[in-house]
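Contents: one structure, followed by commentary.
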Amino acid sequence: MAELDRQVHVDRNLALELVRVTEAAGLAASRWMGRGDKNAADGAAVEAMRRAFDTVAISGTVVIGEGEMDEAPMLYIGEKVGLYAKAGGGPEVDIAVDPLEGTTITAKGGPNAMACVALAQRGGFLHAPDVYMEKIAVGPGLPDGVVHIDASVEENLKNLARAKKCEITDLVVCLLDRDRHKDIVKRARAAGARIMMIPDGDVSGVVAVSQADTGVDIYMGSGGAPEGVLAAAALRCIGGQMQGKLLFENDEQVARAREMGIIDPNRVYGLEDMAKGDVMFAATGVTTGPMLRGVRTVPGGAITHSIVMRSKSGTVRYVEGHHNFALKPAAFQG
Ligand code: VTB
Ligand code: MG
Ligand code: MG
15 MAELDRQVHV DRNLALELVR VTEAAGLAAS RWMGRGDKNA ADGAAVEAMR
65 RAFDTVAISG TVVIGEGEMD EAPMLYIGEK VGLYAKAGGG PEVDIAVDPL
115 EGTTITAKGG PNAMACVALA QRGGFLHAPD VYMEKIAVGP GLPDGVVHID
165 ASVEENLKNL ARAKKCEITD LVVCLLDRDR HKDIVKRARA AGARIMMIPD
215 GDVSGVVAVS QADTGVDIYM GSGGAPEGVL AAAALRCIGG QMQGKLLFEN
265 DEQVARAREM GIIDPNRVYG LEDMAKGDVM FAATGVTTGP MLRGVRTVPG
315 GAITHSIVMR SKSGTVRYVE GHHNFALKPA AFQG
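Heads up: the sequence shown begins at 15 in our numbering, then just goes up one per residue.
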């Protein structure tokens, strides 16, 4: 087999392998739905995802993870994961994870919590520090630069409405329900736009701009920078535009980012700056939302709903997993 063919073959297999990783995390987290313990839910997702990675034929390095080695026992930044992590061999890839995006949502049994993973070639992801990121995103099929992170809310809405050949009153802006977004909300409402506030989970909030049936036209506001990179990976696959800007609260954060290779703290990152080259993204719903159905328990097992996508082919697949716990190793039942 020619080298190129072999590479393509490896890539293709990996995309579907990744879904097993998010399924494992999703199944584990779902056991904690509505139990009021977000740390237990998160811990269960992290542990299950870590274990599931051991079966994937990669030599992976976590670059967006659960924190630094001294604060996170598993899936910490720099950790090697995958079947070949110790033995060597296998494709060398970088990994971004959020084993449970929406820990509080899960603890309350709210909507739209999910387990997420993205994979890129070495060096493909922005090594985002754990600070906030200002984000703006719109869906596919619009002129390049139709919105800009440095433009005003009013200007962005006006330009988006013009490009979509609609009125601003037709547009829906999605953002996290946070006090820090009061100004954006006020301005967007004054301009006539409608608002969809989400309690947590801005990865799915951003991805919603690229999914026609969510009714979201634009995502705005700040959320976690690691979540920004995961969302960028997804948009690279599914289409759409996104910009991000890291928000630093003090000099220590700026210095820390500099150590991670971020020289210009005011840089505006485009999609390719956050997730470049061949990228894959997978997510499994933990609780039901507009993007994915949550885990459903059935006699003897559970049903999961996941999305898998690759930037190279642009294929987006929805995978419904019917898990039979009598046959599945206990460690993977969640
Ligand atoms: C978002 C959201 C996450 O953090 O990134 C948000 O996607 C941002 O932080 O689900 P604040 O909660 O401090 O606003 C989460 O809500 C939790 O990781
Ligand atoms: Mg997390
Ligand atoms: Mg998160």
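C-beta: ideal position from N, C-alpha, C; glycine also.
These numbers come from a predicted model, not from an experiment.
Per-residue DSSP class, three states only, for residue i
| i | result |
| --- | --- |
| G275 | coil |
| I182 | helix |
| G303 | coil |
| K342 | coil |
| P240 | helix |
| H336 | strand |
| I91 | coil |
| F262 | coil |
| R208 | strand |
Contact set for residue i: own chain, Cβ-Cβ below 6 Å, skip 5 residues either direction
| i | result |
| --- | --- |
| A248 | V221 and F295 |
| V167 | I198, R201 and A202 |
| E31 | V70 |
| G123 | M47 and G48 |
| G242 | M147, K149 and G258 |
| A271 | P143 |
| A110 | I78, A132, F139, V243 and L244 |
| V312 | none |
| D108 | T75, V77, A134, R136, G138 and F139 |
Beta-carbon gap between residue i and residue j smaller than 8 Å
| i | j | result |
| --- | --- | --- |
| E37 | S320 | yes |
| M128 | S224 | no |
| M88 | E115 | no |
| V152 | G229 | no |
| I212 | C188 | yes |
| T117 | A55 | yes |
| C251 | R324 | yes |
| A121 | G50 | yes |
| G303 | N338 | no |
| A29 | V333 | no |
| A59 | A42 | yes |
Cβ shell of residue i (< 7 Å), same chain only, five flanking positions each side left out
| i | result |
| --- | --- |
| R310 | A316 and I317 |
| E82 | Y90 and I91 |
| H141 | V77, M274 and G275 |
| K52 | T117, T118, T120 and A121 |
8 Å Cβ cutoff, residue i in contact with chain D
| i | result |
| --- | --- |
| I109 | The structure shown contains no chain D; it is built from a single protein chain. |
Whole-angstrom C-beta distance between residue j and residue i, which should lie under 8 Å
| i | j | result |
| --- | --- | --- |
| L190 | G235 | 6 Å |
| A240 | I78 | Strictly speaking, residue 240 in this sequence is Pro, with Ala absent from that position. Between I78 and P240 the Cβ distance is about 5 Å, and since that is below 8 Å, they are a contact. |
| N306 | A246 | What sits at residue 306 in the sequence shown is Leu, not Asn. With 8 Å as the limit, L306 and A246 do not qualify as a contact, their Cβ atoms being about 19 Å apart. |
| L386 | A207 | Given that the chain is displayed from residue 15 to residue 348, the structure contains no residue 386 and the question cannot be resolved. |
| V209 | V161 | For clarity, residue 209 is Ile in the given sequence; the question names Val instead. Between V161 and I209 the Cβ distance is about 16 Å, and since that is not below 8 Å, they are no contact. |
| V35 | M63 | 6 Å |
| T301 | P125 | 6 Å |
| G40 | G215 | Not really, about 14 Å apart at Cβ, beyond 8 Å. |
Can at least three beta-carbon pairs, one atom from the segment 93 to 113 and one from the segment 65 to 72, be found at a separation below 8 Å? For the pair of segments examined, the segment 93 to 113 was found to touch the segment 65 to 72: the number of CB pairs separated by less than 8 Å reaches three.
Validate contact between the segment 244 to 264 and the segment 172 to 182 using beta carbons, cut 8 Å, 3 pairs: Between the segment 244 to 264 and the segment 172 to 182, the count of C-beta pairs closer than 8 Å stays below three; the two stretches do not touch.
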